[in-house]
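> For any residue, its number in the working numbering is found by taking its place in the sequence shown, counting from 1, and adding 10.
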Amino acid sequence: MESARTVRRGRIRILTASGLATALLLTACGGDDGGGGDGEGVTLEFGWWGSDTRHQNTEDIIEAFEEEHPDITIEGRYGPWDGYWDQLATQTAGGDAPDIMQMDELYLREYADRGALLDLADVDVSQMDESVVQNGQSDGAQYGITIGINAFVMLANPDHFTEAGVEMPDDTSWTWQDYQDVAVELSENLDSSWGAGGFDETGGFQTWLRQHGKHLSTEDGELGYEPADAEEYFAYIQEMLDAGATPPASALAEDHGVGPDDSLTTSGDVAMRAWWSNQTVALSEAVGTELRLLRFPSPEDGEDGAAPWYKSSMFLSASADTEHPEEAQEFIDFFVNSQEAAEIEMTERGIPPNTEIREQITEQLEGPQQAVAEYIADIEDELGPPEPVPAMGGSTFQEILYRYQDEVLFGRQAPAEAAEAMHAEMEGELQG
11 MESARTVRRG
21 RIRILTASGL
31 ATALLLTACG
41 GDDGGGGDGE
51 GVTLEFGWWG
61 SDTRHQNTED
71 IIEAFEEEHP
81 DITIEGRYGP
91 WDGYWDQLAT
101 QTAGGDAPDI
111 MQMDELYLRE
121 YADRGALLDL
131 ADVDVSQMDE
141 SVVQNGQSDG
151 AQYGITIGIN
161 AFVMLANPDH
171 FTEAGVEMPD
181 DTSWTWQDYQ
191 DVAVELSENL
201 DSSWGAGGFD
211 ETGGFQTWLR
221 QHGKHLSTED
231 GELGYEPADA
241 EEYFAYIQEM
251 LDAGATPPAS
261 ALAEDHGVGP
271 DDSLTTSGDV
281 AMRAWWSNQT
291 VALSEAVGTE
301 LRLLRFPSPE
311 DGEDGAAPWY
321 KSSMFLSASA
331 DTEHPEEAQE
341 FIDFFVNSQE
351 AAEIEMTERG
361 IPPNTEIREQ
371 ITEQLEGPQQ
381 AVAEYIADIE
391 DELGPPEPVP
401 AMGGSTFQEI
411 LYRYQDEVLF
421 GRQAPAEAAE
431 AMHAEMEGEL
441 QG
């Protein structure tokens with residue numbers, strides 16, 4: 011006889027195969043309490059995106075939670091990233107949002123500031139770093155609970171360095187000029203690869219700004235930089251291209267926002283490229299060698315060094331319209347604070363945010379997973395201030411940044427012209 015877990019997984023896999031719209035359709039607004047209350051017969055809908063591994067891990071966590079809470083049923087619906095946000099927006103506008111949802115920092119403030127998310131005041135965050143807790147806040151309320159911790163890193167392929175006869179840099183002291191010099195040297199000594207790739211997402215630009223005391227957006231929901239800051243950034247990536255440190259503009263453009271399977275890192279075309287730390291494991295497996303995690307370079311005159319920060323890889327949030335706020339928070343608390351859930355999840359969504367559990371899980375890790383955990387621990391004393399939650403309209407910034415980077419790299423706009431235009435467009439997005 012099939013277990014309830016097997017039946018549930020089978021149902022979700024059928025839904026996923028039938029198409030994204032069906033896979034993400036959540037049939038109950040705020041859940042169906044099945045005629046019960048006060049924890050009796052409560053059903054909660056939970057929506058998330060991710061890989062097959064993540065789906066299986068999440069189902070195992072749901073099963074473990076239901077075993078401890080037999081009066082609460084979690085109905086899971088999942089799909090890929092593409093389409094998830096359109097579907098969630100439609101559900102939220104129609105009053106049919108899931109009780110619990112996986113949330114990304116790009117959208118957290120947009121949903122929170124529109125009153126769509128529940129203040130998760132009852133979830134225990136006492137064992138989390140303060141910066142990690144703040145990542146999920148807006149206007150002093152806790153609208154997202156971090157599931158995993160990431161840091162933006164430079165991943166280096168040691169095989170390329172060996173082939174080129176270039177020493178691995180000292181990432182505790184190297185500068186942006188050192189980075190360019192190393193990348194050029196690699197390019198000159200590799201047969202068919204380049205020293206460096208792009209910076210990916212907004213992380214590279216955010217890091218650049220942080221090292222100069224700025225942010226992409228502020229706590230008040232305004233832009234946190236000036237056109238001159240973007241001009242310097244664009245000028246640097248143009249210098250990298252002109253010096254032969256990177257592939258041509260066409261290859262860099264194709265590498266924007268791709269996953270590990272389709273990147274220039276995986277194909278072996280670049281020796282160094284910026285990634286989020288939790289992607290190290292999949293990339294190392296795809297490349298066939300254990301990639302090295304390096305700190306970002308620092309400016310020559312920078313006061314704060316590389317200015318790293320802990321980024322929440324993703325959050326768990328709850329709908330403001332849920333009929334069961336207590337049970338929704340109970341599930342979220344279990345997901346992030348229970349040893350049982352952590353041993354199922356390990357580092358798939360990032361390093362556990364609960365510091366006590368993180369120490370216990372780290373002892374069980376090996377290879378790239380252990381390297382990621384050690385890196386996260388190593389930079390703790392070097393952390394800069396937490397990155398403000400992206401402003402309303404900030405979910406468009408990544409696409410805007412990519413577009414103007416391409417304008418510079420393809421020679422269609424000068425860095426100053428692109429910087430002015432990008433700043434104006436981003437400001438327009440904030441104003442709605």
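We treat Cβ as the ideally placed atom computed from N, Cα and C, and that holds for glycine.
Predicted model only: the values in this text are computed from it and were never measured.
Mind checking R124: buried by the 16 CB within 10 Å criterion, or exposed?
R124 counts as exposed, since fewer than 16 other beta carbons sit within 10 angstroms of its beta carbon.
> W95 by DSSP, collapsed to three states: which one?
helix
> Could you spell out where the alpha helix (DSSP H) holding Q408 opens and where it closes?
Per DSSP, Q408 belongs to the alpha helix (DSSP H) from F407 to L419.
> Would you call the CB atoms of I110 and F341 closer than 8 Å?
If you check the CB distance, I110 and F341 come in under 8 Å.
> Which partner residues of V163 appear in the DSSP bridge assignment?
W285
> What are the boundary residues of the beta strand (DSSP E) that includes G57?
V52 to W59
> Let me make sure I understand the geometry here. Which of E439, E69 and E241 has the alpha-carbon closest to that of P400?
E439
> Would you call P168 buried or exposed, if buried means 16 or more other Cβ atoms sit within 10 Å of its Cβ?
Taking all protein chains in view, the Cβ of P168 is surrounded by fewer than 16 other Cβ atoms within 10 Å, so the residue is classified as exposed.
> Output the boundary residues of the beta strand (DSSP E) element that contains R305.
Per DSSP, R305 belongs to no beta strand (DSSP E) and is neither H nor E.
> Using beta-carbon positions only, say whether I492 and L54 come within less than 8 Å of one another.
Nothing about residue 492 can be read from this structure; the chain reaches only from 11 to 442.
> Our contact map puts A107 next to F209 with C-beta atoms below 8 Å; I'd like the distance itself, whole angstroms only.
Actually they are not in contact, since the Cβ atoms of A107 and F209 sit about 34 Å apart, beyond 8 Å.
> Could you pull out every residue in the same chain whose Cβ sits closer than 8 Å to the Cβ of S141, ignoring the five residues on either side in sequence?
W319, Y320, L393, P395 and P396
> Taking just the CA atoms, how far does G231 sit from G278?
Their Cα atoms are separated by approximately 39 Å.
> Does Y94 have its Cβ less than 8 Å from a Cβ in chain D?
Note that chain D does not occur in the displayed structure, where there is just one protein chain.
> On the premise that A429 lies in contact with E241, defined as a C-beta separation below 8 Å, what is that separation, rounded to the nearest angstrom?
A Cβ-Cβ separation of about 4 Å places E241 in contact with A429 under the 8 Å criterion.
> Quick one: residues in its chain with C-beta nearer than 6 Å to the C-beta of A193, no 5 flanking neighbours on either side, listed in chain order?
G205, A206 and A255
> Quick one: what's M138 bridged to in DSSP?
DSSP output for M138 lists N364 as bridge partner(s).
> Please return the same chain residues whose Cβ sits closer than 8 Å to the Cβ of A328, not counting the five positions on each side in sequence.
D109, I110, M111, L127, L128, L130, P335, A338, Q339 and I342.
> Could you tell me how far apart the beta carbons of T212 and F407 are, in whole angstroms, since I believe they sit closer than 8 Å?
Here T212 really is in contact with F407; their C-beta atoms are around 6 Å apart, less than 8 Å.
> Tell me whether Q112 sits in a helix, a strand or coil according to DSSP, three-state version.
strand
> Is F209 helix, strand or coil when you go by DSSP?
coil
> On the CB-based measure, 16 or more other CB atoms within 10 Å of its CB, does Q415 come out buried or exposed?
buried
> For P425, does the count of other Cβ atoms within 10 angstroms reach 16, so buried, or fall short, so exposed?
buried
> Determine, using beta-carbon pairs with one atom in the stretch 166-183 and one in the stretch 353-364, whether at least three such pairs fall under 8 Å.
no
> What does the alpha-carbon distance come out to for the pair G29 and G93?
Note that G29 scores a pLDDT of 37, beneath 50, so its modelled location is shaky and nothing firm can be said.
> Please work out which residues of its chain come closer than 7 Å, Cβ to Cβ, to L116, disregarding the five sequence neighbours upstream and downstream, and give them in chain order.
P400, G404 and S405
> Are the beta-carbon atoms of G223 and E300 separated by less than 8 Å?
no
> At what residue ranges does the stretch 306-350 contain a whole run of the beta strand (DSSP E), taking only runs of 3 or more?
321-328
> Our contact map puts N145 next to W286 with C-beta atoms below 8 Å; I'd like the distance itself, whole angstroms only.
The Cβ separation is near 14 Å, so there is no contact.
> Based on DSSP bridge pairs, tell me the residues matched to T156.
F325
> According to DSSP, simplified to helix, strand and coil, what is S183?
coil
> Nearest to D201 by CA position, among P257, S61 and L219, is which residue?
P257
> According to DSSP, simplified to helix, strand and coil, what is Y246?
helix
> Within the same chain, show all residues whose beta-carbon is closer than 6 Å to that of S323, passing over the 5 residues directly before and after it, in chain order.
G158, N160, N288, R359 and G360
> With a threshold of 16 other CB atoms inside 10 Å of the CB of S203, please say whether the residue is buried or exposed.
Buried, since its Cβ has 16 or more Cβ neighbours within 10 Å.
> Distance check for G315 and I247, CA to CA, integer angstroms please.
19 Å
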